[in-house]
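Chains as they are written, first to last, in the UniProt record's numbering: chain A, 1 to 250; chain B, 1 to 250; chain C, 1 to 250; chain D, 1 to 250; chain E, 1 to 250; chain F, 1 to 250; chain G, 1 to 250; chain H, 1 to 250.
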């Protein structure tokens, strides 16, 4: 039930003031006993609650999916295991699971996708993180262009895609090891770049810390960084920015 | 010379196979027309070049100011020392210097400022970095609201300003030491938050690295991080975002 | 046998001076061969020896439980595996095992619990560490209130519980990732806050080091930090503080 | 305006559904009455505001001292420079400055000091930090015993003071370099120990980080750690604990 | 098909200008859908594409081997698992796999090997990394001398091989733990030394970071360092240098 | 060939100037007679070669044991797995394996053990490393006293053993977590203390790095540190020192 | 006196065998009392001793310059202060000092410079380190092309210089902050690239460590890294490589 | 009062059970006779107290020198400034100050120096730390051989001194930057090597941490490490070892 709906009912006398008050007091913190889901979030942020599946017990996970599905008609889950996918698909046969991005979602059909977010990776090994970003942004109704394997050690591959990248309202740059992709892209576009270091690599990559440092130290303008492997976070922020820019792009 | 042209010449016997082979050795980059990339930065990004004054020799600095002023009619310089300010003001009497933010600028009059960027700090010691962000954004034509000294260890101070912060199109959160401000703001707003760790502090703050780690690890959605003390970078990216959102805000 | 009891027996002539002397010489260091258990500890600190089960060989563990049970009539063990639980429960059928907190205990019935310790977590993933703290404090006779999943990225959840938290004599704040919970709580209460970083997280959380740094750098007053995942240590110190404050709270 | 009031107005048609929806968008925070949190700090915590002098501009510092003096009749300032001391003493002739602890205070006469806090240092070089802790605690009305230069590399010095340390309600252990003092004291007392690493040292002491790690990893029970050189923080928390325990000690 | 060949065909009228143009436009970025292989690389660098097998899906890996084999008549793959070796050998029966170096290659027969590269290791545990370097260099047509287990803690072993090492045009020094081998060799030869830290070790070796720091800090002249365990990178660069020097050595 | 000889030949025209120049190019090392350095290790150091078993291939390991046994009549191996033990015991039925210390040895009977080395541990979890040290020292003919589980958080346990520790010619102090044991012992004895950090622990112990830092920063005199978990290294150096001191102790 | 010259004299009977022997024995280690200069170095490595001026006492420095000048007729000194320059110029009026690179040299006239080394920087702030590399290489007789301020955040600047860079036999890539320059160049050239991180920067650049990590983690082939700010080391190794390649370039 | 005595009094009714219980609460430490530990340091360790001058106030320093001089007839001070030297020399005209090692001492005449300690350095910049070690050892009556500037990047310099180093009973190896000296020496001698990292260096030397790691990771036997720049600590421990070995050397 939506906020507006409750208010309409109050106005129409179909719901008492007491019932409505109880609703509003309860609603932001409605407890599942183990975790407090914020169903008010969509109202505030425009984005529904997203489920971080990793480490959640089966029964808990199922109840969370049920509850959000009830409230929203769709659910986005990240970092889901194959076992969790099977579990949710047992109840929701329309649930889709992508083993690459580990996204487990129930999505409304025929969702319009607006604007343009470019999601780029340095190598093929960075694609799982990039897909988490891309699919998150798509779930939130944004149009995404994927430009993968354009790392800076073969700069012509990136340059061949410059026009596509420049046409986006926001760019997500995903890279591990030396993480230099964000800097080069930052110098090529005039829109915000969200840099995502990945834990892909070996030796002194230190599970993404080196790439994180490279990106934080970028000399290019218009770059900010999210946590290592945090494709979801990049996709979320790109969605916020893309939405802001849709009017301009039209 | 175009690829086609070379091939035509080979066909016509006007160019030897060896000459053509040498051409194609270099070709992967030249053919992409990178020279087209070398258009004026302002044209590409909408923002004119900014001068990072720190460490520049006097004569060099003066010439840069003169060149940019000639081209743009205004100049923004960051991290300028008092001595550099005196130098530039000797030539450009309208140059303004703010010793707090270390911004040294010549700015066009009556610049319109659109949208709204909220710049917040945890403590008073973070203000110099925040001012670098705020004045950069203002120079680029954005409206800025300053909300200073609202650190999370006295959460009521922040909560008292929630409406103002929520009304912005983009938020810059500046904090040193534990750097928790960005997370709390990230949970309160539905617009992108750019987090700026500061080197203010002592002990285990490690000149901003602790705050940087806190911000990168934020559990809130819609937060990305720039380098320690990089107020300019935050102001720049906030300007990009705010501009995208101006249409929505109108 | 208690110290007082021995002395009463000496006074009453039921025990010779030689026997008593041997008792006191032997007692603080009474050896099990492999580890020196300090049964004098309870006398000194008011708390009996607690068993850190992790890594202990089966036979050793069983003998330690037997010895402490003999001396105290109850035993508290932390970081016990399921296998260790089965082992101890084979001998002590009244032993209880909680797979979440990994606490394996034999506890006296009807223990009075005094004062109030609030144990808070940022997320649901921090609950195992919080339970180690809470159950340790309860075993030592303290009343505990659990306030879970009140992380700062949704500050209203925490604020909804402020009165409960403020009514405690000591607060334990458990958080991973950015670890900002302790700072916010520190600004809300006037009692000591013991911060526990957790190793929960990914990317730049560095297995709890980031949260540890955040907490150590807290700008709030009245916060001190224990080791990553050290719920037991927090529960112990909270017990010491709560006990000191019981008189005031009455 | 209360939730109920808004709903009554909607029901009565005095407020449109749109206005009410906007209200509820902001509501999750406002409804919790956070304004009530904004009571005076002393009322909440029992301790008046303390001034962190380092880095404050002269005029600003003076005004803060004047304001707090007006409200409290006394002022505690930490990390004050000699120049700042001279400035404040120019206005407040009764202001006292200790160049060792860098505490600059105006204190009410004949303050009663209750309970007992033991402040211990490993070496003589740790005394400035210890004095910040001790004088902070004394300002807040606590009785402090100083036990200095009892580092663990000469354990008999510490053992000679055991009874004094054991008689305190709370112990502050200040140490640099290897920082082992806290662990040894933790094993000797049954009251909480607040460990303060100091930046004193050279080589691999890494300005206190090594001592911080030692203290965080302590195997003794009842120890928690504050930031490097944070004598004030330790003195504050010790004051909270000592006050809780005063009743028991009487 | 080689560049020259295409051009010859154009000259001979066997290929139209349009076909050739399409070839040159497509060729550097010829897509496999998931990864863009740079077949132009050999033209530019003199070395064909090398396959980093680790983590690649079976089908992808097979297609990459097929494609490179088609273009080059041979393939070099690094970090291949036993399973990947079996997979490739199923299709290419002439493929050779070395479980020590994890190199999986199809190599042209009777390849001439020129110049001399000395590959040295400190211990026997460093040999897998050294073999990756040596076999890479051999694949690229260089003559390699292996000098293994000559660590500096038994300096006579190294000195006994000085003449061999001094006769090389380039030296690769592979070492873990303290990593001092590169410095000693650097002082003994007048040719470039490429230092490779290995992750072999325990304790404070920090998976090769200590060795990396040792090598980067070397006081000897003519030493540069590649990533931890990056035998391939060292072999590649040694090949570049050796090739430059072949003329001198003749 | 000697320098003089070469010169005589040049003088006599039996060697050309060019040949002689080539000789002197190599000379700085050869002239020092480094071959003399290649004497048998036992002759030089008094200790036979020790086998680091971890990671060695079965056949290789067996051959090493055979070779050393042939030469010395006994073999000491460290870090051996159960499987390696079974392998060696298949050939050498008198080989003994201790799964705690992972030492796999064939030792001569009735070896005299001289002097006294005290091996101390902070906890029971440090015993495997301590046993590696103790058994190494015993194999090399030294008398060892074990004093285990005397960590500084229960200082009376250590003090109860002071006389034994003080009677040793060298002390090995093994500790993880906070690693403070070495400092306390260093203050109690007048003989060298070799500190061994262990990787035992959790949280901020960082696999022994914290203990290593504590020990390196020790304020006590006469302490030096070996690598994390390097019981063998400590046992070896203690053997060198103990042997030096045997004469004094007699 | 050259080795050859000595030998010729022996052959000609102008020098006795004994005198020559004494010469060869003494020469490699000829002592100045405080430092052992290796005059044999030029023979072995082809490069004369270079003076690291920083921190050397005046008298020592002067004597070293005198001695090398005597032996070589020229001297190269690095990291010289202005005061040291004045000192040396007091004795050697032909000594030249460059305050940017801090190189203080006495150089033979009309030195031929062969081959081509490209020295590139990301920014203008990296130029001092680049000049140390370039001038070192020039002193050793190599031709150097300087390509400065071609950082990757404005990739067109670098691309405009591709042909020059590709024509070099060896490239030195100097960069601070994110340090991505080496990776991009590595992908553009087929010759070895020596990467030099610089300590230029602020925030998380950690005095060059971030750039060092970026470069070590480079995904491009043919890159190796020297110490932070070690322009001299890069210039030295580039000289070795360039010299090897001169024959090919002719 | 003895345990037995207390018990006799309880039995005799001369002491109440409560008084006796209080006694036994404190007993575990007192009973061990720790007061016996408080004997004079020199008696225990054979070495008189040494003064760490750095940071001590003038008056305090003077009083310490006077007290120790009174007791011992000589004083050893380390890390003394020129000003402190002048101060002490004002009172003790026989005090000697060495600005290189910063040792400020009053030493008895004609002290016998026994045994042999070799103190080696990698470079000339390490000499101040080496002199602190050497002069400390000499003050304690040990014979010291100095072997300076024998770093491993010119191994012939070290080899030329092998016999001298091998004749010592203990070796101190002092090195900064890559710190490889200790490993090479460890492989050449059969006596204990004490490694001292120095903070000399730049770039990734991280003020000695890199050298510390190199030394801790040494693969050579018989090496242990003291703190960065801790020449005093190395000299002290070398003195302990040398003294043990004097009998053997005679």
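Backbone N, C-alpha and C fix where the C-beta goes; we use that ideal spot for every residue, glycine too.
Between residue 226/D and chain F, is the shortest Cβ-Cβ distance under 8 Å, so that the two count as touching?
If you number the fourth chain from 1, residue 226/D lands on position 226. For residue 226/D, no CB of chain F lies under 8 Å from its own CB, so it is not counted at the interface with that chain.
What residues from the region 195-224 of chain G come within 9 Å of chain H, judged by C-beta to C-beta, listed N to C?
Against chain H - using a Cβ distance shorter than 9 Å - the residues of the region 195-224 of chain G are 197, 199, 207, 208, 209, 212.
For residue 97/G: DSSP bridge partner residues:
Within the seventh chain, numbered from 1, the residue matching residue 97/G stands at position 97. Residue 97/G pairs with 104/G.
Got a sec: is the Cβ-Cβ distance from residue 125/A to anything in chain E below 8 Å?
Position 125 of the first chain holds residue 125/A. Judged by the 8 Å Cβ criterion, residue 125/A is in contact with chain E.
Suppose contacts are defined by Cβ-Cβ distances below 8 Å. Is residue 244/D in contact with residue 241/C by that definition?
Sequence index remark: in the fourth chain, residue 244/D carries index 244 (1-based). Sequence index remark: in the third chain, residue 241/C carries index 241 (1-based). For the pair residue 244/D and residue 241/C, the CB atoms are nearer than the 8 Å cut-off.
Nearest candidate by alpha-carbon position, reference residue 151/H, set 161/E, 15/E, 185/E, 65/E:
Within the eighth chain, numbered from 1, the residue matching residue 151/H stands at position 151. Closest option to residue 151/H, Cα to Cα, is 185/E.
Along the beta strand (DSSP E) that carries residue 138/D, what are the first and last residues, could you check?
Counting from 1 along the fourth chain, the entry for residue 138/D is found at position 138. Counted as a single uninterrupted DSSP element, the stretch harbouring residue 138/D is not any beta strand (DSSP E) but the alpha helix (DSSP H) occupying residues 127-139.
Expected contact under 8 Å - CB spacing of residue 133/C and residue 171/C to nearest Å:
By one-based count along the third chain, residue 133/C stands at place 133. By one-based count along the third chain, residue 171/C stands at place 171. Going by Cβ atoms, the distance from residue 133/C to residue 171/C rounds to 11 Å, so no, they are not a contact pair.
Does chain A have any CB closer than 8 Å to the CB of residue 135/B?
Within the second chain, the letter at position 135 stands for residue 135/B. No, residue 135/B does not count as interfacial toward chain A.
For residue 77/H, the nearest candidate out of 238/H, 237/H, 231/H, 246/H (CA to CA):
Locating residue 77/H in the eighth chain gives position 77, counting from the first residue. Answer by Cα proximity: 231/H.
In the DSSP assignment, find the unbroken beta strand (DSSP E) run with residue 82/B in it and report its ends.
Numbered from its first residue, the second chain carries residue 82/B at position 82. Annotation for residue 82/B: no beta strand (DSSP E) segment contains it, though the alpha helix (DSSP H) segment containing it runs 82-91.
Between the region 54-88 of chain G and chain H, which residues of the former have CB atoms less than 7 Å from a CB of the latter, in chain order?
Residues passing the 7 Å Cβ filter: 55.
CB residue 188/F to CB residue 162/F, shorter than 8 Å?
Stepping through the sixth chain from its first residue, residue 188/F is reached at position 188. Stepping through the sixth chain from its first residue, residue 162/F is reached at position 162. Against a cut-off of 8 Å, the Cβ pair of residue 162/F and residue 188/F comes out as a contact.
Mind listing the chain F neighbours of residue 49/G? Cutoff is C-beta to C-beta under 7 Å, in chain order.
Residue mapping note: residue 49/G aligns to position 49 of the seventh chain, counting from 1. The premise fails here: residue 49/G is roughly 14 Å from chain F at the closest Cβ pair, so nothing lies under 7 Å.
Which of the three DSSP states is assigned to residue 79/C in this structure?
Mapped onto the third chain, residue 79/C falls at position 79. If DSSP states are grouped into helix, strand and coil, residue 79/C belongs with coil.
Which runs of the alpha helix (DSSP H) at least 4 residues long sit entirely within the UniProt domain "PurE" (115-246) of chain H? Give them in chain order.
For the alpha helix (DSSP H) assignment, the uninterrupted runs of no fewer than 4 residues enclosed by the UniProt domain "PurE" (115-246) of chain H are, from N- to C-terminal side, 127-139, 155-159, 162-166, 181-188, 209-216.
Limits of the unbroken alpha helix (DSSP H) element including residue 51/E:
Counting from 1 along the fifth chain, the entry for residue 51/E is found at position 51. Looking at the DSSP string, residue 51/E is not in any alpha helix (DSSP H); the run it does join, the beta strand (DSSP E), is 50-52.
Delimiting residues of the alpha helix (DSSP H) encompassing residue 74/A
By 1-based counting over the first chain, the position of residue 74/A is 74. Where residue 74/A is concerned, there is no enclosing alpha helix (DSSP H), given that its DSSP letter is neither H nor E.
Report, in whole angstroms, the separation of the C-beta atoms of residue 175/G and residue 223/G, which I expect to be a contact under 8 Å.
Counted from its first residue, the seventh chain places residue 175/G at position 175. Counted from its first residue, the seventh chain places residue 223/G at position 223. With a Cβ gap of about 12 Å, residue 175/G and residue 223/G do not count as contacting.
Under the three-state DSSP convention, the category residue 113/B falls into:
Walking along the second chain from the start, residue 113/B turns up at place 113. DSSP places residue 113/B in coil when its eight states are reduced to three.
What does residue 103/A reach in chain B if we use C-beta pairs closer than 8 Å?
Your numbering for residue 103/A matches position 103 in the first chain. Under the 8 Å cutoff, chain B gives no residues; its nearest Cβ is about 16 Å from residue 103/A.
When the Cα atoms are used, what is the spatial distance from residue 155/G to residue 180/A?
Taking the first residue of the seventh chain as position 1, residue 155/G is located at position 155. Taking the first residue of the first chain as position 1, residue 180/A is located at position 180. Approximately 12 Å between the Cα atoms of the pair.
Say whether chain G places a C-beta atom closer than 8 Å to the C-beta of residue 230/B.
Taking the second chain and counting its residues from 1, the one referred to as residue 230/B is at position 230. Yes - at least one Cβ of chain G is within 8 Å of the one on residue 230/B.
Would you say residue 233/E faces chain G, with C-beta separation under 8 Å as the test?
Translated into positions along the fifth chain, residue 233/E becomes position 233. Proximity of residue 233/E to chain G, defined by a Cβ-Cβ separation below 8 Å, is satisfied.
Could you give the distance in angstroms between the alpha-carbon of residue 116/G and the alpha-carbon of residue 239/G?
Taking the seventh chain and counting its residues from 1, one reaches residue 116/G at position 116. Taking the seventh chain and counting its residues from 1, one reaches residue 239/G at position 239. So the alpha carbons of these two residues sit roughly 9 Å apart.
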